[in-house]
Structures are given as C-alpha cells and as structure tokens.
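Single-structure report; data block below.
Chains as they are written, first to last, in my numbering: chain V, 1 to 366; chain B, 1 to 366; chain D, 1 to 366; chain U, 1 to 366.
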C-alpha cells in the first residue's frame, strides 16, 4: 500500500528504480487462455522507447522484455505474469550533482521529506522508467479487451498552441511521425516549435487523447468505481499529468443541458446516441458509444536552463540539469495513457461479469 | 466491490437509494479520540441540502443525520461510525412514467443493461442523494485533518461563461449568496443567467474550485496512489463531473517548462515555491503549497423540455421530465467535492505516517 | 481498514456497539436479481437470538432486521444492501462497575491500550452482538450459493468431553434441541453437563462443525486466497474461536501419505474421491467433495466467579461479573460460523467466474 | 486478485512457476530506512532450501536471492522491494508422464478445472517453490519487527506420533538437527520413523509451532482483521496445512472458563497474565504475552507407491510418482510458517500506528 499496486481483479504491482538493476511488473488476476509472448509485449514497449527521434532522449535503451512467469508455451496460465526489463545505459555520474539539490518541477523534495532517503539517480522510483511496468500491464489488458472487441486509438492532439485539425484526422499518420500526431501538418508545425524550444533550452506541454471503441454498455461500477472515476485516477497517476477530461470535459461548464444531453435513438435495432458529449460514459458506466479521454501533460521539468532552487540543507542555490531529457513528455506517454485506460477497462469488464445473478448462474451451468 | 466502498485506511461504505428507506455511510478506520457529534456533521449536510433557494429543488428535505455507532459520549471510539438520514418527502408517483424510458444524460440505460433491474424512482442509487454519504465521510475526514492544521476553501468559480473575478475574491462572500461564489458581482450575473435558463426549461454547467491549505509536504504515495491521482479519481466519481484539473490544469499543454517549473526558495527557514503552477502537488506528493483542484460539472440532465429518447423495449420515443430538479448541479456539489478531497487527504495522511521506520519506532517507544 | 470490512467482490462492512443505537451491516457487490426480504434474513438471525433456552442469555431481544436499501420489491438491485437491528433491552448500569476493570478472557485491556478509550458497556464493539452483521451477510451469501446448488449443515459436535456419536447423526435433530447437536443423546448429556457448570458459576468450551455440499470444483484462488485460507481467517475472526481445522485437521500430523491421500475415482462419469481426508479442499481449491470445517470455541469468559484482575490504574483487584451471559458460546455461534463460511465461498465463486477467458467471453457474447 | 497478493499496508505479490524462469516477490509498503541486503535475505531462504539432509529432496538448488529494486546502498527506500531466485536444476522430463493425470492429494484436478490449462511440471504455481516468495517477504517483515523488539522461535513440535518433550525444550537444538526440533531425543526418534517411512515409500505429517515474543499489547484490528484471524488465514494458505491453533487451540473445547480465563496481574508495574491459555491474543488483539501458533501439516502427497487416480479424459488409471520429494513437509516449512506470521504482524503493527488521533498528531508535530 505504498502505492505501487493497482486494480481490483486485474491487479498490477510495478517495481524498479531508474538506475537500479531492472524495472518490472507482476500482473495477477489475468484470465487463463490468452496468447501472450515477449514479441507482443515488446510492441507496446517500443512505443515508449527512447532514442527514436530528435524529440526523445538519446539514451539507446533497448528495453527488451523478459516474461518470467505466468505464461506456458505462449498461453496465460491464470497465475501471476511477471515481466521485467534490465536497466542499461546507466550513466549515474550524470546525476551525482543532484544528490543534495531539489530539481524544480520534480518529486525530489517530496521524496526526501517522505522517506528521509532517496535514490537521486535519474529520479529513482519517480523516473519515467517507472511507466515501463504500466505498459507491460497495458499490453496484457489490451489482449483481454481484444477478445471483447474493444480497440484503442491514442495520439498527441496538441503541443503548445498547435492543435490537430480534426478535419485532417488520419489514424495511419499517428505512427508515421515522431510526435504520434494524427495530422501531418500539425506534426510538422509542432516539430518546428519543439526545435525552437530545444535551442532555448526549454520544453513544451502537450495534450494526449485516447479513444476507446467497442465497449459493451454497463461497464463501470456505481458510486466510487465509476468508469470515468477509475480512468481519471489511473491517468492522473502518470507523471506530468495535470488534467483529465472525459468527452466535452472542461467545456461542459459553459454548456446548457438541452445541448449537452445526448439524445438516445434506436439505429439498426441498437441503442445509440445522436451526439457524444458524454464521451461514452453516463452515470459512471459505458453507454455504448466511444470513450473519449483527454489528458494534459505539463512541460518536461528537466530543462537545461539555470534555475533557482534549494538544497537539502535548506539553502538557496541554483541548479543546471545535464543528462539526456525529452523536451516533451507526451509522445512517449501516449502508450502509457492507453495502457492505464486499458488496465482500468479490463478490470471493470471482469467486475461487470459478476453484477447479475443470471450471468453468474450461466457460468456454472456449463 | 460493486463500487460503494472507498479508501484504504480511512474506508467509507455508502448505501441507499433515493426513494428507499434511508441513505447512509459507514466510516471504518477513523482514529479514536476525535470530537464528533450530530450537530457537527449536520453543518456539512446543510451545505448540500435542497430547498434553500430558487436554484435548488423545492423538496423540503431536512436530511437530519443520525449517528448510529462509533461515537461514545461525543468522542470517536476507533470503531466504525455508522450514520444515516431517513428519506422524506418521497413523491414516487412523479417518477412512474420513467419506469421504462431512459432519460438522456442519466445512468438509466447503463443501469438497466448492467443489472437487468433498477429502482427508477428518482434515479435510485445514481441519484444526487447518494452524495449524502460522501458528505458524512467528508465531515469525519475534515475533523481528522483539522488536527493536522489542514483547511479547505471551496466555491463555485464559473457558471456558463460567467467566471469569478479573482481580484474580487472574498471568502466570506461564499456563504452569503445562494450560488456559493466568492464574488458577489459574478454571483448576481450568474443568478440572472440561471433565471433565464429556468424560463427556457434549460440548465447550466459550472465549475467548482477547492483550495486546501496547510498540508505537510510528502503526503501522497508514489506511482498509483499519488495525491493527485487519488483526488482525480475521487472527484470524477461525483455525478456530473467531466473534468478534473490540478493547479494550472489544462493550461499546461500550452506552457513551457521554464515558466511552468515552480522554483524553490527558502523563506523564513521554510522550503517554499516562487509560483504554484503545480497546484501544490509534485511527483504525486504535496509540496507544501496550497492544493488547487478545479472541477467541471455538466448541466443538470433533468430538464423540462421534451427530448428524444428510447425505451426499454427498444423503441424511439419522447420524454418530458417532471418533478423537482436543480437547474445547476454545482452549488450543492461544492461540499461534495470538498468532502471527497478531504477523504483522500485524510487517508493519505494516515498512510504517510507509516512510510518511515524512524517514525514508526517513535510511536511504539512512547 | 480498522477491520470491519470483509471480502473482495462480495464485500461486507459491519458496524455497531452492543449498547449503542443499533448494529448493522452493509453488503456491497451482491448481484442483482436475488429474492431477499426481511423474513428471509430474520430466519438466520433467529438462529443466534438469545433468550431461547436455559443455555442462552435471558435478554429478550427480538433482533428484528430492517432492510434499508439495495432491495426493491423483494429483489436485489445490485446496489449496497444495508440492514440493521435496533439495540433493545439495554441495561447499561449492569456494566458500570466494569468501566475501569479488565475482564479476564475479554478484549478490554487490548481495546484500552489500542484506542485509549472504549465503550465498556457489554463489550462495546467486541460484544457478541457484533456477529449480527456477520449473520446478515451470511443470509445474503447463502441466497447466492443456493443458486449454485450449494447447501450447509452446521451443528455443535462437542461440548466439554461430550462428543456426538456419528453413527447417530440426525440432521433433523439439530433444530430440535437447544444445543444444535445432531445427536439427541449427546445433547441430553451436554445439557446435564452445562446445568452443572451453571451451578458452579462456570462455563464450557465446545466444537462446531460445518459441512458444505454441492460446490463445483476449482473454487478458491491460488497462493494467499485459497479456499481453506479464506475460511480459516473468516472463522478465526469470530469471538472465542481458538482453532480451525479442515477435513482431518490436527489429526494429519500423525497420518501417513498412503492413507491421507484421497484417491480419485470416476463414478457415474464424475471425478470423485475414495475418501475425504482433505475435507473437500486440495491445493486451496474445492475438489468436488464436501467441505468439512471444524471450529473450537473457548468457554464463555464472562463467569460469575470472583476472579483476579487489574484495573486501568494498574492496580491488582478482583472482579465479579454480573449481567446475563451464556454458559457456552457455541450453540448461538453455529449460524455465525456458517455465515462466515458462506461469505467466503460466495466471494470465491464470484472470483472464480473470471478465471478463464473463455468463460468471460461467453458472458459478453450473449 | 487471483490470489497472489497479500497484506494491507505491507503488501506482497509473489510470482513464479516451479519450472519457469524464476520465482520471486515484490514487497510494497516497506518503510524506508531499514538495513536489508541479499546476505540477510539469503539466511532466511537457506532455512527452506532443499538438499540438506536425507529428509529433503536431493535437488541441489542454491536458491540465491537477487534484490532488484527498493534498496539503495543497503537501505530500504520505501519503494517496492523486488526479489527473485532463478530456477535451476529443472528436470522437466521427470514430470512428462504427469501431464494428463491428477496426482492424489495435489492441486492438479482443481487447477485443470479452474483454468483449463496448467503447467504440470513440478506442480507449476502450486509447487512448494511458491513459498520462496513468502520467505522473502518474511525476511523483510522480521527486519521491521526487530525494530519493535519482536522475536520469533519456530520449530517442528511433532512428527507422526512423536512429540517433543517440553521439559527438554532447547532453543539452540532447533538448528542442530535436520528436522528443526528443539528436543534432540524426539528428533532422533523422528529420524528413525522417517527412515522407515522412506523405505515403505510413504510420508509423514507433522506439527510446527511458532512463538512470537515481545509484541506490544493492542496489535490486531477488531472484527475481521483480528490478529488471530489474520494469522490463521496466512498460515492456512501454506500448502499442506490442515489446522491452525492459537494458544490452547482445540483443547479449549473441553475446558471450563474458570481455568481457561487467564487472570491479569500487575508484575513490576506491567500488566501480565497468570497463565497463557489465550496464546497471547484476546479479542483479536495481542495481550502482551507470547503469541503461540500451532500448525498441522499433512503428509507429503507425492509418494512413490502406486496409487489409484483418474486422468484428464475422465478415465480411471494408476499413477506412480517419480522425481525427488521430501518425505515430510514440515522441516522446510518452519521458516515459511514464521514468515507468514511475521508478514501479518508487521502489517498489523503498521495499521495499529494510526488507530489513535493522539499518536497521529505526534508524528506530524515533529
């Protein structure tokens, strides 16, 4: 309960410091009978791997996943799936001057006060490498959801003030540009903006969107474990996230009910909605339309400018961060956002299975 | 685990349908030795009570709290605190025509699919009356936090396009106007806007802010149980919430790191920050400055206009909602937002107590 | 997490002090579509009600259950089921002389040290009345299990040195004698033994057995949430229990593997076992044969003899307990043991539903 | 929630199949500031290592622990401690004839029904190697408890009908004989008994005792999370355990209250008890005297005799188990029992820290 365990039925425990031996995850509660292998999980990890463009850190980590348990001859056993990635390319000396100084925008100060000790190298447990465990879990969760026909589309929707033009939305474009934007023109503008910021030793915020399609209605528990509540908690737990919106999000405060209410209509014998302001969630449960989640990431706090700060001895000082840092968090975080949402939805799908006695009876009648 | 239990150490279970016998909450894990009585809790419940102005439903519920256990001669025992409020003024016939029809913007459809049965009267479990249990819990949580010097300021910051002017911010004004706004001019404008909407049988969205002061640094666990993650999940679980922002929130996507990073400075021997873009949370832990949470509520979905919808038999139909409904959710929800945040912070304060061995040892040395 | 919440999917929160306003339970996670009403639950509570014979306390509590939520027109909604029983017949003055003295064999001392305060009247939270909430939960759990064909036979198997003769086992006899023994001759002997102890102002220990029939194989999760582990924890949590045995229990320490191993045999196309030393549980999962649980209760600690003890001021003193106390715990605890086992099995049935992907898929294909 | 996660604040997730790549554990919630290294943990693992005598399997596993995270320069960080042991000496072919047959006394049948798939090699997840993760957790838990002055004495107290003579109890003897018995004469008799059983291709049950000294009073939560309840659930979850007793255990059913009640007495200004029938636990909380736990292990189910059984196709057949198997579970399980009890007590110590508001306040005043 120090915070590294997540989920109710599909439960993930992640572990690992940035510059320790390895980082990993244990996923308990994954059903038996799923096809999972290292190649499949690696596909997810590659989406967050550094070193792929000018906009991600130049560390050449391969982040090769090792499945240690829970899978036998390519099929899940129903037992805990343990996975890990060895930490490579650790240049700890880059961090030696940070041992006693609190980096602005980072967790250093909180960690020191909370624990009285911290592994200062690369942020330790609060490093971005912590998200490798999340993505391992996301890979497993998406494998489960795939069997229910649930699919994900995730991308960067805004960088600085450059937003994608939704009339140009092209899903295939997402994987073609280094910024994971579904609009090549916005991507090109954003690249120019980022190059300029790099020169200024600065960094940029951004927005990530995740669209989940194919959910059955009724997924999500009432009151505290609502689908949107669980998603918001999951996504806000990713480093750098400062806002989570569902559907129209913040815009609803200026809306009126007659417009914001999505009217139901039968289409081809199916309950549908004329609009989707709700972002696919009503009363905390999926309503059968696309789930829309929007996430705001703050600019990377590690910038190369000299900054005011204090040290562990309570003295004012200055800091100049070196090392290798992305000028923007969002592109590599796209798969992390998707993974957290997948973990939540898979968990809630499993929980929803036991909400009705007639369903439960059917299971044991077979 | 159907979703009505919340918290790790300070654990609350809420229960009750809108038109059942009562609604209530059981709070387990509250420390012994706190002064709590019905008058104190009633003060919190009164902040969400209907019937107080033109902008809340005209039902005249007194919502008088009964403490059933866990308190002996005005002091908490450390055992579960059970509280309840009897449901009064139930006019169930108002709802009889809703039995087979799904109200747009409501949980009806999801409930029917999920459970195959629902108490359609007044929304049943998904009614706003469900929040009474949350406020009972919030009252207990704030009593705990008061002992740590933590205080709350909560209010409506925006209705439609009418925002408070922060230069006119007046904390005392919050309880003086019926909309709980800290700016009497904005409140007057918003009242006019709402009156107009009522005439048009429409409703408005709004924004609520909660500022939490006095937190020790280091509150919040790493990775999944971060302070902001837990707050986002807690607040998003309130009916009608579509967005949660911490600090600068959505605005961070357009920010640059050199500005967004709050620089640390020693002031009077204390670690402080030159700015508070982070909203008091860094790396998921409190950083010693004010916690700033902003919440967007959608417009009340129950409006008196005729709306397209479908019924349980899968037929297109129209619905005209009667009964008594607020034209805006936010004013009565201010105390609910505050309560959920208080529950989270109290829980994380208790968890933080056991994060260091030296602290633990001290407890048992006494 | 102060200990009054139990279960994973089927989750129960109990509350209430012996001499407070009421005692109750909230059951969250019960599937929708079950027939439950107050008469049904009352049948369970009546099995633990005092005042029915010479061997139970003469307090004439009716313990009438009130269902406050979660049931609509006799059917569960899938929402939390809140139930309570008002405390009657409270003669608190009986306890006034116990305020500062620790009763031997009771929780008084631990409570005082742990919380620094306690409701000394009738044991407060550690009273036997606390088990009312457990039985409410058991009633709900058995209703679920009934739909899976699972049935319970529970009884007192031993009082002092008087054991039932298994060749005379008569299920119908259980409800005919005041000691809930399935052997009328043993019951008569035990009654004589207890009458003698009452005269001597003493009390007796006893043993309760619970046989659960009809379980599907495979119920119980691996490693920590094994069926036997969960049962042992659940049953040991009942006041006065000092031992829990599964199948042959303690006797296995003297057994050899060639005998203790239950050999599998196909009978009528079904996997069966030639013997049932395992008590229906292998590797923590049900094996298709009867689950056998044996529980040892200590003698009632409240006896009318003068006893040495200490008081809150740390002085040696003597205590003479008055009031109304059963000379034996077990008969009224039979339904409590059964209830705890039912809660565990129902929870694990629900969890087992999501252990295989093929099962999960089938649910959503419908 | 498939059962491999344990604990509330001190939370352990174990993973690994017998013949997979490795077995391990992740411990979350361990306080910062403890001295832990691989040598320390190895000392615990060595107590359960096979190949040390005639009475343990001849597999020569070294079971060398690797600490992967959570410890920095020999001190715990407060972050998850990940540990693992690579599986060596895997002779999977020994098990190939078991693929389709259910071993009597084993989990094979339940696993197959539950998951529809299993790793049959060496029991897979239900192998005794699963306990390595428990012992890793126990090592961490004992390190925490050591700081509170809590110590453990664990040993085999009975094998077959050979019990230790308590007048000969010698703590130092425990580590001197291969059976971990505190009485060298009983150990010699038991060795002869076991040798005889080995020749007969049979196996023996046994009893393990664990005495925990130095607990503060008041440890354990009320109702469901009582100290004895948590211990019983924890210990019963170990493979082969069929009974758990606290204090006088099963014997209490034949006792009378006047004797069974431990009378309190002040000794040297401390609350003590004249006897310890309660085994150190009253009302589910520690009472300041020694905690006494007694555990009954069934005989090893893997015996070399031909046994009746059935196969996966539902046919009667015979089985003859080969491979390397201990003729008795208990000696190597002593440290496992101790570890599970340590995990429970450490968790409850941490929970008890937040039971009183005055204690909580003191933490944050510093």
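Even glycine gets a Cβ: it sits at the ideal position worked out from N, Cα and C. The structure presented is a predicted model; accordingly, all values stated were derived computationally and were not measured.
Environment of residue i [buried if 16+ CB atoms lie within 10 Å]
i: residue 267 (chain B); result: exposed
i: residue 230 (chain D); result: buried
i: residue 195 (chain U); result: exposed
i: residue 259 (chain U); result: exposed
i: residue 68 (chain V); result: buried
i: residue 134 (chain V); result: buried
i: residue 29 (chain V); result: buried
i: residue 270 (chain B); result: exposed
i: residue 110 (chain U); result: buried
i: residue 11 (chain B); result: buried
i: residue 307 (chain B); result: buried
i: residue 262 (chain V); result: buried
Span of the beta strand (DSSP E) around residue i
i: residue 373 (chain B); result: There is simply no residue 373 (chain B) to check, as chain B begins at 1 and stops at 366 in what is shown.
i: residue 294 (chain V); result: 291 to 297
i: residue 272 (chain D); result: 270 to 273
i: residue 87 (chain D); result: First-last for residue 87 (chain D): undefined, no H or E at that position.
i: residue 339 (chain B); result: Unbroken run through residue 339 (chain B) is the alpha helix (DSSP H), 330 to 352; no beta strand (DSSP E).
i: residue 155 (chain U); result: 151 to 159
i: residue 211 (chain B); result: 206 to 213
Bounding residues of the alpha helix (DSSP H) (the contiguous stretch that carries residue i)
i: residue 24 (chain U); result: No alpha helix (DSSP H) contains residue 24 (chain U), which is instead part of the beta strand (DSSP E) from 22 to 28.
i: residue 265 (chain U); result: Element bounds for residue 265 (chain U): not the alpha helix (DSSP H) but the beta strand (DSSP E), 264 to 267.
i: residue 44 (chain B); result: 38 to 48
i: residue 68 (chain V); result: Looking at the DSSP string, residue 68 (chain V) is not in any alpha helix (DSSP H), and its letter there is neither H nor E.
i: residue 260 (chain B); result: 257 to 260
i: residue 140 (chain V); result: 131 to 146
i: residue 171 (chain V); result: Note, residue 171 (chain V): premise wrong, no alpha helix (DSSP H); not H, not E.
i: residue 361 (chain B); result: 357 to 365
Whole-Å CB distance - residue i paired with residue j, under 8 Å assumed
i: residue 243 (chain D); j: residue 296 (chain D); result: 4 Å
i: residue 362 (chain V); j: residue 219 (chain V); result: In fact, because the Cβ distance is near 18 Å, the residues do not count as touching under 8 Å.
i: residue 183 (chain U); j: residue 165 (chain U); result: 6 Å
i: residue 101 (chain D); j: residue 319 (chain D); result: 5 Å
i: residue 103 (chain B); j: residue 309 (chain B); result: 7 Å
i: residue 27 (chain D); j: residue 137 (chain D); result: 5 Å
State whether the segment 332 to 350 of chain D contacts the segment 30 to 50 of chain D, with contact taken as three or more CB pairs (one from each stretch) at a distance under 8 Å. They touch, by the three-pair rule.
Residues of the segment 239 to 258 of chain V whose Cβ lies closer than 9 Å to any Cβ of chain B, in chain order: Cβ contacts with chain B come from 239, 240, 241, 242, 243, 244, 245, 246, 247, 248, 249, 250, 251, 252, 253, 254, 255, 256, 257 and 258.
Name the residues in the segment 210 to 235 of chain B whose C-beta lies less than 7 Å from a C-beta of chain V; which are they? Listed in sequence order: 217, 218, 221, 222, 223, 224, 225, 226, 228, 229, 230, 232 and 233.
Determine which residues of the segment 29 to 44 of chain U have a Cβ less than 7 Å from any Cβ of chain D, and write them out in chain order. Cβ contacts with chain D come from no residue of the segment 29 to 44 of chain U.
On the three-pair Cβ rule with 8 Å, is the segment 312 to 329 of chain D touching the segment 341 to 350 of chain D? Contact fails: fewer than three Cβ-Cβ distances are below 8 Å.
Meets three-Cβ-pair contact criterion under 8 Å: the segment 227 to 241 of chain B and the segment 283 to 298 of chain B: Judged by Cβ distances under 8 Å, the segment 227 to 241 of chain B makes contact with the segment 283 to 298 of chain B, as three or more pairs qualify.
Spell out a yes or no on whether the segment 205 to 214 of chain V and the segment 150 to 157 of chain V are touching, meaning 3 or more CB-CB pairs, one atom from each, closer than 8 Å. Cβ pair count under 8 Å is three or more, so yes.
Using a Cβ-Cβ cut-off of less than 7 Å, list which residues of the segment 189 to 210 of chain D approach chain U; keep chain order. Result list: 197, 202, 203, 204, 205, 206 and 207.
Do the segment 123 to 142 of chain B and the segment 14 to 26 of chain B meet, that is, are 3 or more Cβ pairs less than 8 Å apart? With a cut-off of 8 Å, the segment 14 to 26 of chain B and the segment 123 to 142 of chain B count as touching, because enough Cβ pairs lie within range.
What residues in the segment 298 to 309 of chain B bring their beta carbon closer than 7 Å to a beta carbon of chain V? For the segment 298 to 309 of chain B, the set of positions with a beta-carbon nearer than 7 Å to some beta-carbon of chain V reads 298, 299, 300, 301, 303, 305, 307, 308 and 309 in chain order.
What are the residues of the segment 108 to 131 of chain D that lie near chain U, defined by any Cβ-Cβ distance shorter than 9 Å? Taking 9 Å as the Cβ-Cβ cut-off against chain U, the residues of the segment 108 to 131 of chain D that qualify are 108, 109, 110, 111, 112, 113, 114, 115, 116, 117, 123, 125, 126 and 130.
Hey, is the segment 77 to 86 of chain D in contact with the segment 110 to 119 of chain B, meaning 3+ C-beta pairs nearer than 8 Å? Taking a cut-off of 8 Å for Cβ pairs, the segment 77 to 86 of chain D and the segment 110 to 119 of chain B touch, as three or more such pairs fall below it.
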